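Enquirer: In our numbering, the protein residues as written are 8 to 194. Each residue gets a CB set at the ideal place from its N, CA and C atoms; glycine is no exception. Since the structure is predicted, the reported quantities are computational estimates derived from the model, not experimental observations.
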């Protein structure tokens with residue numbers, strides 16, 4: 008579990024740096040914008056690999072019994088979260104309307120997984136991501152931070168985000184067991 012905890016701390020800590028605008032600006036000034044983004048990405052990737060590896064090696068200690076409807080909620084909520092992830096990186100109406108679809112998608116994804124999994128590693132990992140998402144949303148709204156708009160939203164981008172999110176969701180249903188050690192459906 009040490010690897011899982013360490014990866015979460017690393018991943019969440021680096022993602023909280025932009026919430027402290029002065030710290031982010033000092034680091035970007037010292038390193039230069041490109042190098043700052045490269046370091047940010049490298050630390051994020053390292054944390055993510057540690058989280059996935061740590062989670063896969065964590066012992067199964069039950070903390071609570073997930074509700075009977077938890078898996079059903081996940082089958083609905085996770086595809087929506089994946090659409091939000093896609094929409095966050097495109098010129099979509101979804102992004103323009105929600106302002107923070109990536110963070111909202113992360114929160115939805117985490118809650119969905121907490122409703123379907125009651126073991127200690129799941130509570131730590133998905134609970135950590137949910138807590139980060141709440142902090143990031145509060146910080147973004149407090150700073151009146153909105154995603155930059157390079158181009159006006161286009162309906163074709165919304166359709167691409169929905170299609171892309173649903174395709175990734177279908178792939179996760181098929182390959183979840185191979186990727187994460189827990190199949191979603193048997194057979």
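(1) Candidates 182, 100 and 140: which alpha carbon is nearest residue 159's?
(2) Give the DSSP-derived three-state secondary structure of residue 159 in the structure shown.
(3) Measuring straight from C-alpha to C-alpha, what distance separates residue 149 and residue 20?
(4) What are the partner residues of residue 126, as DSSP defines its beta bridges?
(5) What's the gap between the Cα of residue 42 and the Cα of residue 97?
(6) Give the C-beta separation of residue 17 and residue 54 to the nearest angstrom, bearing in mind that I take them to be a contact with Cβ-Cβ under 8 Å.
(7) Check each candidate in 12, 75 and 92 and name the one with the smallest Cα separation from residue 106.
(8) Around the C-beta of residue 114, are 16 or more other C-beta atoms found within 10 angstroms, so that it is buried, or is it exposed?
(9) Report yes if the C-beta distance between residue 94 and residue 165 is below 9 Å; otherwise report no.
(10) What are the boundary residues of the alpha helix (DSSP H) that residue 54 is part of?
(11) Output the distance between the C-alpha atoms of residue 183 and residue 189, rounded to the nearest integer angstrom.
(12) Hey, would you say the C-beta of residue 137 is under 8 Å away from at least one heavy atom of the ligand FMN?
(13) Between which two residues does the alpha helix (DSSP H) containing residue 16 stretch?
Expert: Concretely, from the data shown:
(1) 100
(2) coil
(3) 19 Å
(4) Residue 126 has 69 as its beta-bridge partners, per DSSP.
(5) 24 Å
(6) 4 Å
(7) 92
(8) buried
(9) yes
(10) Its alpha helix (DSSP H) spans residues 40–64.
(11) 6 Å
(12) This structure does not include the ligand FMN; it has no bound ligands of any sort.
(13) 9–23
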